[in-house]
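Here's the structure we're looking at; comments come further down.
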DNA sequence: ACCACCTCTGACATCGCTGTCAAGACTGCG
DNA sequence: CGCAGTCTTGACAGCGATGTCAGAGGTGGT
């Protein structure tokens with residue numbers, strides 16, 4: 538292997554290995570002259586530091602872990618993509634780790650995982666993001682973590698999210714503007730905090746406008762359970778003219794239920810979802826929904842972890858923008 | 538950090554570091570007595586070798602790369618899951634690498650990627666699996682690779698696949714058994730070799746049985762393009778009674794097209810797809826399709842790479858089992 | 001009993017980089 | 001001009017494993 542090493546660069550630049558190391562790591566107290574000289578040698582030789590050696594020698598592991606426990610390949614893939622891009626950008630490794638937050642031994646799972654690898658920090662995704670035992674284990678080991686879309690233990694770590702509440706409000710106003718007054722709700726899993734926030738935001742806005750929520754049914758974030766919720770809601774005598782499901786999968790289930798009952802979407806019932814996941818454009822008519830920047834959330838979370846220290850920020854929640862996406866599934870009643 | 542190191546184990550077992558190393562790596566010429574003694578110490582201390590140190594010191598990098606260029610999150614996620622499991626099992630790192638096989642500089646992309654990391658081997662997924670410049674770059678560097686579902690350059694590397702041809706035949710016989718005689722085909726992207734194999738297998742079987750292919754339309758593996766193909770096929774005067782799309786996404790598009798034309802699936806037209814991807818159960822009626830063990834393909838491919846050498850096998854194609862999944866989208870005409 | 005030839009084990013250098021520490025080069029001030 | 005205090009640089013010892021090579025112990029043939 539003809540790899541270029543740090544000592545090749547040092548020789549080429551006529552400086553010590555350590556100086557090259559300083560330039561690479563942007564350490565303070567390096568003169569401009571030296572920096573320029575070294576950088577030129579690095580560029581000329583096409584030097585790329587060896588991750589294994591860096592992590593062996595130094596304090597950092599150059600690896601970020603992502604804790605996953607989401608059944609939706611869409612969601613997971615977007616998270617992985619974002620985290621991966623951030624790692625790529627900074628020359629880090631990405632480690633995926635699947636935990637099962639529903640099991641009792643979740644703390645043990647987390648501890649096991651830590652035994653196996655050195656990791657600089659973790660990105661926690663829902664529903665692990667709200668899983669206290671995991672937070673406790675990480676804190677006990679002093680490993681930094683960033684959470685995505687947490688709804689519990691605010692301020693316990695840096696976090697990234699969208700404003701689920703006002704997103705749901707905006708969707709409510711969208712329906713209202715079209716002329717809908719009577720609504721059905723398809724709820725998410727109880728442990729999924731953000732789903733509860735969406736529901737509350739929607740209801741609050743509708744109440745403020747003077748509309749009514751005819752009924753709520755459990756949709757469980759899945760297509761199948763969404764069908765069940767849809768069938769129940771749509772069979773009612775006082776059928777709502779519009780249904781808001783807490784994610785796209787269950788919204789697609791509602792649309793399927795409508796088809797089974799011979800009702801047309803959006804003519805007989807308007808439907809909206811949440812996430813703008815892939816399924817939103819794989820049903821007909823395409824689903825009106827809220828776009829969530831999942832990839833960006835993961836990217837930012839990962840970068841926050843990597844650059845931690847360079848700008849010591851607090852444990853606030855950083856909100857990214859969502860966007861209402863109007864598609865064919867919602868029209869005036 | 539209280540990590541247990543190899544010398545802790547050596548001390549505990551009363552042997553040299555090197556002996557511990559031998560046991561870990563299953564090197565030959567180690568007495569049973571020593572092996573047992575060392576293994577006991579390893580277990581007692583919960584020792585896990587440090588990947589960074591191993592890869593720095595040794596010839597292996599303990600990292601497997603997966604080359605990806607597939608727009609479907611479903612497919613990609615399943616591949617990643619399988620590869621990840623294999624890496625996990627053997628204590629390897631997994632490196633994801635996105636290439637764009639449609640661009641001209643694909644060889645350069647591949648070369649760039651190799652400059653940045655030491656990697657023991659690559660898993661190539663479609664369509665990169667059939668991308669000659671990439672194969673050439675890997676071979677030039679002497680890096681082993683395993684391909685998933687290749688249709689070109691057979692015998693140039695080990696490969697894993699399912700028998701697309703006979704899977705498509707089976708689907709054809711399924712339709713035939715239900716009483717269908719006149720078929721429409723929704724094709725895949727031209728560069729996707731396996732799609733061509735499916736088509737050929739289906740046509741050959743139908744021809745042998747004496748049925749007719751009314752028409753073929755380009756479906757491009759995507760939902761949107763599937764709608765277009767469906768609209769064209771279903772508007773024909775001699776409308777086929779059954780449609781086979783080369784993947785599930787485009788099949789779902791066909792179903793959507795049927796709905797738009799006021800045709801019912803499966804009453805007016807039966808539809809089948811291929812992959813058993815997530816969308817197959819997210820449409821109504823659920824889609825009849827061929828289950829492909831994508832996760833297993835990736836798992837086996839990765840493991841083949843990791844265990845390479847221990848059993849030097851040739852460049853054959855190893856076939857895994859597919860399975861016809863009958864769901865609601867196909868009934869008798 | 002001796003030598004050649006295995007099999008098994010250990011000492012030690014080494015992989016590429018960073019942390020530590022000390023020394024050299026400057027600065028400003030009395 | 002001298003000295004303390006800062007900024008800048010380099011020498012060197014590790015990080016935790018593996019590769020190499022030499023030596024210890026056993027076996028069989030003569």
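Residue numbers (this note's numbering), protein chains in the order written: chain A, 538 to 870; chain B, 538 to 870.
For glycine and all other residues, C-beta sits at the position ideal for the given N, C-alpha and C.
Please classify residue 852/A: is it buried, with 16 or more other beta-carbons within 10 angstroms of its beta-carbon, or exposed?
-> exposed
State the Cα-Cα distance for the pair residue 763/A and residue 789/A, rounded to the nearest angstrom.
-> 7 Å
Contact set between the stretch 808-827 of chain B and chain A, restricted to residues whose Cβ is under 8 Å from the partner = 815, 816, 818, 819, 820 and 821
Report, in whole angstroms, the separation of the C-beta atoms of residue 841/B and residue 727/B, which I expect to be a contact under 8 Å.
-> With a Cβ gap of about 29 Å, residue 841/B and residue 727/B do not count as contacting.
Stretch pair the stretch 717-736 of chain A + the stretch 747-764 of chain A: three plus CB contacts closer than 8 Å = yes
With DSSP run on the structure shown, which of helix, strand or coil describes residue 593/A?
-> helix
Taking only beta carbons into account, state which residues of the stretch 630-654 of chain B come closer than 8 Å to chain A, listed in chain order.
-> 630, 631, 632, 633, 652, 653 and 654
With distances taken Cα to Cα, identify the nearest neighbour of residue 828/B among 679/B, 566/B, 773/B and 708/B.
-> 708/B
For residue 662/A, which of 817/A, 783/A, 569/A and 730/A has the nearest alpha-carbon?
-> 730/A
With a 10 Å radius around its C-beta and 16 neighbouring C-beta atoms as the bar for buried, classify residue 856/A as buried or exposed.
-> exposed
In three-state DSSP terms, what is residue 814/B?
-> coil
For residue 568/B, count neighbouring C-beta atoms within 10 Å of its own C-beta (all shown protein chains included) and say buried if the count is 16 or more, exposed if not.
-> Exposed is the call here.
Does residue 593/B have its Cβ less than 7 Å from a Cβ in chain A?
-> Cβ-Cβ to chain A under 7 Å: yes for residue 593/B.
Can you find a C-beta in chain B that's less than 7 Å from the C-beta of residue 760/A?
-> yes
If you check the beta carbons only, do residue 809/B and residue 832/B fall under 7 Å apart?
-> no
Buried versus exposed, by CB contacts within 10 Å (16 or more), residue 658/A | It counts as buried.
As assigned by DSSP and simplified to three states, the class of residue 839/A = helix
Taking buried to mean at least 16 other C-beta atoms within 10 Å of its own C-beta, is residue 804/A buried or exposed?
-> exposed
So is residue 682/A in contact with chain B if we call contact Cβ pairs under 7 Å?
-> no
Are residue 732/A and residue 783/A close, meaning C-beta to C-beta below 7 Å?
-> Less than 7 Å divides the Cβ of residue 732/A from the Cβ of residue 783/A.
Of the listed residues 552/B, 664/B and 798/B, nearest to residue 609/B (C-alpha basis) | 664/B
Can you say whether residue 773/B is buried or exposed, counting buried as having 16 or more other CB atoms within 10 angstroms of its CB?
-> Of the other Cβ atoms in all chains shown, fewer than 16 fall within 10 Å of the Cβ of residue 773/B; this residue is therefore exposed.
Is residue 690/A helix, strand or coil when you go by DSSP?
-> Secondary structure of residue 690/A (DSSP, three-state): coil.
When you compare only the Cα positions, how much space is there between residue 675/A and residue 655/A?
-> 13 Å
Cutoff 7 Å: residue 783/A Cβ touching any chain B Cβ | no
Straight-line CA distance for residue 817/B to residue 786/B?
-> 8 Å
Looking at the C-beta of residue 614/B, does it have a partner C-beta in chain A at a distance below 7 Å?
-> yes
Which listed residue (747/B, 592/B, 640/B and 595/B) has its alpha carbon closest to that of residue 670/B | 640/B
For residue 544/A, go through chain B and note every residue whose CB falls closer than 9 Å to its CB, in chain order.
-> Annotation: residue 544/A has no Cβ neighbours in chain B at a cutoff of 9 Å; minimum Cβ distance is about 15 Å.
Chain A residues whose Cβ lies nearer than 7 Å to that of residue 590/B = 593
List the endpoints of the continuous alpha helix (DSSP H) containing residue 758/A.
-> Where residue 758/A is concerned, there is no enclosing alpha helix (DSSP H), given that its DSSP letter is neither H nor E.
Would you be able to state if there are at least three C-beta pairs under 8 Å between the stretch 622-633 of chain B and the stretch 551-566 of chain A?
-> Counting C-beta pairs with one atom in each stretch, the stretch 551-566 of chain A and the stretch 622-633 of chain B have fewer than three that are closer than 8 Å, which means they do not touch.
Endpoints, the alpha helix (DSSP H) within which residue 560/B is located | 554-561
Does any residue of chain B bring its CB to less than 7 Å from the CB of residue 793/A?
-> yes
Which residue comes first and which comes last in the alpha helix (DSSP H) that contains residue 684/A?
-> Where residue 684/A is concerned, there is no enclosing alpha helix (DSSP H), although the beta strand (DSSP E) it sits in stretches over 682-685.
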